[in-house]
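Protein sequence lines correspond, in order, to chains A and B.
Remember, the numbering used here sits 351 above the position in the first sequence when you count from 1.
Remember, the numbering used here sits 11 above the position in the second sequence when you count from 1.
Virtual Cβ for every residue (Gly too), placed ideally from N, Cα, C.
Working notes for the structure below.
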Amino acid sequence: MDTEQLIRTLAADNTYRTRPIGLALMLALLAAAPVSLLIFFAELGVRPDVMTAMRNPFFDLKFAVTLALAAAAIAVSLHLSRPEASLRGFGWWLLVPAGILVAAISGEMMMPQRAPMMTRLVGKNSMACMTAIPAMSLPLLIGALYGLRQGAPTRPAVAGAVAGLLSAGLAATVYASHCTDDSPLFVATWYTLATAIVASVGALMGRRALRY
Amino acid sequence: MREREDEWTGLMRSAISGDDAAYHRLLKAITPVLRAAARRGLARAGQPVDQSEDIVQDILLAVHLKRQTWDSSAPFAPWLFAIARNKLIDALRRRGRRIFVNIDDFAETLPGETPEPTASAGEVAAQLQTLPARQRDVLQSIAVDSASIKDTAAKFSMSEGAVRVALHRGLTSLTAKLRDR
Numbered sequence: 352m353d354t355e356q357l358i359r360t361l362a363a364d365n366t367y368r369t370r371p372i373g374l375a376l377m378l379a380l381l382a383a384a385p386v387s388l389l390i391f392f393a394e395l396g397v398r399p400d401v402m403t404a405m406r407n408p409f410f411d412l413k414f415a416v417t418l419a420l421a422a423a424a425i426a427v428s429l430h431l432s433r434p435e436a437s438l439r440g441f442g443w444w445l446l447v448p449a450g451i452l453v454a455a456i457s458g459e460m461m462m463p464q465r466a467p468m469m470t471r472l473v474g475k476n477s478m479a480c481m482t483a484i485p486a487m488s489l490p491l492l493i494g495a496l497y498g499l500r501q502g503a504p505t506r507p508a509v510a511g512a513v514a515g516l517l518s519a520g521l522a523a524t525v526y527a528s529h530c531t532d533d534s535p536l537f538v539a540t541w542y543t544l545a546t547a548i549v550a551s552v553g554a555l556m557g558r559r560a561l562r563y
Numbered sequence: 012m013r014e015r016e017d018e019w020t021g022l023m024r025s026a027i028s029g030d031d032a033a034y035h036r037l038l039k040a041i042t043p044v045l046r047a048a049a050r051r052g053l054a055r056a057g058q059p060v061d062q063s064e065d066i067v068q069d070i071l072l073a074v075h076l077k078r079q080t081w082d083s084s085a086p087f088a089p090w091l092f093a094i095a096r097n098k099l100i101d102a103l104r105r106r107g108r109r110i111f112v113n114i115d116d117f118a119e120t121l122p123g124e125t126p127e128p129t130a131s132a133g134e135v136a137a138q139l140q141t142l143p144a145r146q147r148d149v150l151q152s153i154a155v156d157s158a159s160i161k162d163t164a165a166k167f168s169m170s171e172g173a174v175r176v177a178l179h180r181g182l183t184s185l186t187a188k189l190r191d192r
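Shown next as structure tokens:
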């Protein structure tokens, strides 16, 4: 086929419309969410004292951190799906959840505490946190990568890592309602480690899946 | 050069709002620029420049399938050059060379510089043969026999919608095969 013929063929396909990436990503995440929720309710479930916990600002702060991570990563994912885009000028969004965490840690430091710092940091659920967040993230990550395949990222591994952050943020939001460790020190340690694992898996998967 | 790029942006906007002729004109207008840049990239990597047409076709397919990632309020050229650069790097890497491709390779091409293809491209044609029969027939009818969607539909007793779907799927799987080969 010579180039002239290819051009004619592409022009004939001009009217075919694919879904906008934002919509594709949303639909893929909605399709994947039930799998993650199934893992959550089958293995973990919401903590029994959730009504009391909601009166603890540090319980609520966990959701602020994880939702901020998910929202920032969604915005950055959509941005990176454009070939001429880079993290520059846009990547700082990803620092918002880290900023909330730092503020929360300093807030907690200023309050009288029943448990010593190391006890709060180590917590009781570190292993559950490190397995549940990656496990619940995986279906979301696969969904996110599937939706983002519509895009054309210049650095597929970076885009995959951000998709990992996105799915870890969503999974951690659900997981946070199970976890009885509310100290920001715990969140900063174990949630961050779990998120880093998912981001690495996302980078590895994205390198192949998001090439175009 | 500025004028040329503004013209591209205008054509692409018309194309997206459904003007197939504008789209055809745009693809024809960008092809010589892509060809010149592909040749320059190959030459710098010490590769025979007669492979440039395969790279041009690769870029055109990517432009086509990824055009929804272009923000129509932005100029078209930076988007085009980013796609072209990625594809050129990929192509050179596949040929075993790691090379830095300068974005100016694309932007620099002068309007007067319009190289003709030196050799016909073989990769798209070869992958075309590996497609499912229906997609291959539709693609061949439109590309090689220059039949319209309507004539193709009549020829294979398909609906026009089915022809459009087969055409699009054919182009998508062709691109996937070129990428993963």
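Residue i to residue j span [Cα, whole Å]
i: Ala519 of chain A; j: Ala419 of chain A; result: 11 Å
i: Gly557 of chain A; j: Gln464 of chain A; result: 43 Å
i: Tyr563 of chain A; j: Ala73 of chain B; result: 7 Å
i: Gly515 of chain A; j: Leu492 of chain A; result: 6 Å
i: Phe426 of chain A; j: Leu99 of chain B; result: Correcting the residue identity first, residue 426 of chain A is Ala in this sequence and not Phe. When rounded, the distance between both Cα atoms is 28 Å.
i: Arg398 of chain A; j: Leu489 of chain A; result: 22 Å
i: Ala522 of chain A; j: Ser534 of chain A; result: 18 Å
i: Phe409 of chain A; j: Val447 of chain A; result: 17 Å
i: Ala144 of chain B; j: Asp411 of chain A; result: 57 Å
i: Val135 of chain B; j: Thr20 of chain B; result: 27 Å
i: Pro59 of chain B; j: Phe87 of chain B; result: 30 Å
i: Lys590 of chain A; j: Cys530 of chain A; result: This structure cannot speak to residue 590 of chain A, because chain A is shown only from 352 to 563.
i: Ile372 of chain A; j: Trp81 of chain B; result: 11 Å
i: Ala102 of chain B; j: Leu395 of chain A; result: 48 Å
i: Thr540 of chain A; j: Arg104 of chain B; result: 40 Å
i: Ser432 of chain A; j: Leu178 of chain B; result: 25 Å
i: Pro467 of chain A; j: Ala545 of chain A; result: 23 Å
i: Ala393 of chain A; j: Gly440 of chain A; result: 41 Å
Beta-carbon proximity list for residue i, same chain, < 7 Å, skipping 5 on both sides
i: Ala158 of chain B; result: Ser152 and Lys166
i: Ala379 of chain A; result: Gly494, Ala495, Tyr497 and Gly498
i: Gly450 of chain A; result: none
i: Ala26 of chain B; result: Ala33, Tyr34 and Leu37
i: Ala49 of chain B; result: Ser63, Ile66, Val67 and Leu99
i: Lys413 of chain A; result: Ala527, Asp533 and Val538
i: Ala164 of chain B; result: Ser170, Glu171 and Val174
Spatial neighbours of residue i in its chain, beta-carbon cut-off 8 Å, leaving aside the 5 residues before and after
i: Val401 of chain A; result: Ser528
i: Phe391 of chain A; result: Ala483, Met487, Val525, Tyr526 and His529
Extent of the continuous alpha helix (DSSP H) to which residue i belongs
i: Asn476 of chain A; result: Taken as a continuous stretch (DSSP letters only), Asn476 of chain A belongs to no alpha helix (DSSP H), as it is neither H nor E.
i: Ser152 of chain B; result: Ala144 to Ala154
i: Gln79 of chain B; result: It is not in any alpha helix (DSSP H) - Gln79 of chain B carries neither H nor E in the DSSP assignment.
i: Val60 of chain B; result: Per DSSP, Val60 of chain B belongs to no alpha helix (DSSP H) and is neither H nor E.
i: Leu378 of chain A; result: Ile372 to Glu394
i: Trp255 of chain B; result: Residue 255 of chain B cannot be examined here, being either before or after the span of chain B that is shown, 12 to 192.
i: Gln464 of chain A; result: Looking at the DSSP string, Gln464 of chain A is not in any alpha helix (DSSP H), and its letter there is neither H nor E.
i: Gln138 of chain B; result: Glu134 to Leu139
i: Ala550 of chain A; result: Thr543 to Ala560
i: His179 of chain B; result: Glu171 to Asp191
i: Val397 of chain A; result: Per DSSP, Val397 of chain A belongs to no alpha helix (DSSP H) and is neither H nor E.
i: Phe414 of chain A; result: Pro408 to Leu431
i: Gly353 of chain A; result: The displayed chain sequence assigns Asp, not Gly, to residue 353 of chain A. Here Asp353 of chain A belongs to no alpha helix (DSSP H), and DSSP marks it neither H nor E.
i: Ala510 of chain A; result: Pro507 to Tyr526
Contact set for residue i: own chain, Cβ-Cβ below 6 Å, skip 5 residues either direction
i: Gly553 of chain A; result: Leu492, Gly511, Ala512, Ala514 and Gly515
Check: Taking a cut of 8 Å between CB atoms, which residues from the stretch 419-451 of chain A lie near chain B?
Finding: Ser432, Arg433, Pro434 and Glu435
**OP:** Anything in the stretch 366-383 of chain A with a Cβ closer than 9 Å to a Cβ of chain B? List those residues in chain order, please.
**Re:** Considering only beta carbons, the part of the stretch 366-383 of chain A lying closer than 9 Å to chain B consists of Thr366, Tyr367, Arg368, Thr369, Arg370, Pro371 and Ile372, in chain order.
Check your understanding: Between the stretch 156-167 of chain B and chain A, which residues of the former have CB atoms less than 7 Å from a CB of the latter, in chain order?
Key -> Taking 7 Å as the Cβ-Cβ cut-off against chain A, the residues of the stretch 156-167 of chain B that qualify are Ser157 and Ile160.
* To do: Could you tell me whether the stretch 431-443 of chain A touches the stretch 497-505 of chain A, where touching means 3 or more Cβ pairs closer than 8 Å?
  => Yes: at least three Cβ pairs fall under 8 Å.
Counting only Cβ-Cβ distances shorter than 7 Å, please list the residues of the stretch 133-145 of chain B near chain A, keeping chain order. Val135, Ala136 and Leu139
Of all the residues that make up the stretch 500-511 of chain A, which are near chain B by a beta-carbon distance shorter than 8 Å?
Gln501, Gly502, Ala503 and Thr505
Discussion item. Using 8 Å as the cut-off, can you tell me whether the stretch 355-363 of chain A makes contact with the stretch 446-455 of chain A, which would need three or more C-beta pairs spanning the two stretches below that distance?
Written reply: no
query: Can at least three beta-carbon pairs, one atom from the stretch 84-103 of chain B and one from the stretch 167-186 of chain B, be found at a separation below 8 Å?
result: no
Fill in: Touching by the beta-carbon criterion (3+ pairs, under 8 Å), the stretch 19-32 of chain B and the stretch 62-76 of chain B
Too few Cβ pairs lie closer than 8 Å, so no.
Residues in the stretch 550-563 of chain A with C-beta within 7 Å of chain B's C-beta atoms, listed in sequence order?
The residues in question are Arg562 and Tyr563.
Are the stretch 476-489 of chain A and the stretch 543-557 of chain A touching, with three or more C-beta to C-beta distances below 8 Å? Between the stretch 476-489 of chain A and the stretch 543-557 of chain A, the count of C-beta pairs closer than 8 Å reaches three or more; the two stretches touch.
Check: Just by C-beta distance, which residues in the stretch 85-102 of chain B are closer than 7 Å to chain A?
Finding: For the stretch 85-102 of chain B, which is checked against every Cβ of chain A, the residues closer than 7 Å are Pro89, Trp90, Ala93, Ile94 and Asn97.
Exercise. Below 8 Å, can you find three or more Cβ-Cβ pairs linking the stretch 370-390 of chain A to the stretch 464-482 of chain A?
Worked result: no
| query | What residues from the stretch 61-77 of chain B come within 9 Å of chain A, judged by C-beta to C-beta, listed N to C? | reply | Glu64, Val67, Gln68, Leu71, Leu72, Ala73, Val74, His75, Leu76 and Lys77
For the stretch 353-365 of chain A, which residues have a CB atom closer than 9 Å to at least one CB atom of chain B, in sequence order? Asp353, Thr354, Glu355, Gln356, Leu357, Ile358, Arg359, Thr360, Leu361, Ala362, Ala363, Asp364 and Asn365
If contact means a Cβ-Cβ distance below 7 Å, which residues of the stretch 26-60 of chain B contact chain A?
Ala26, Gly29, Asp31, Tyr34, His35, Leu38, Lys39 and Thr42
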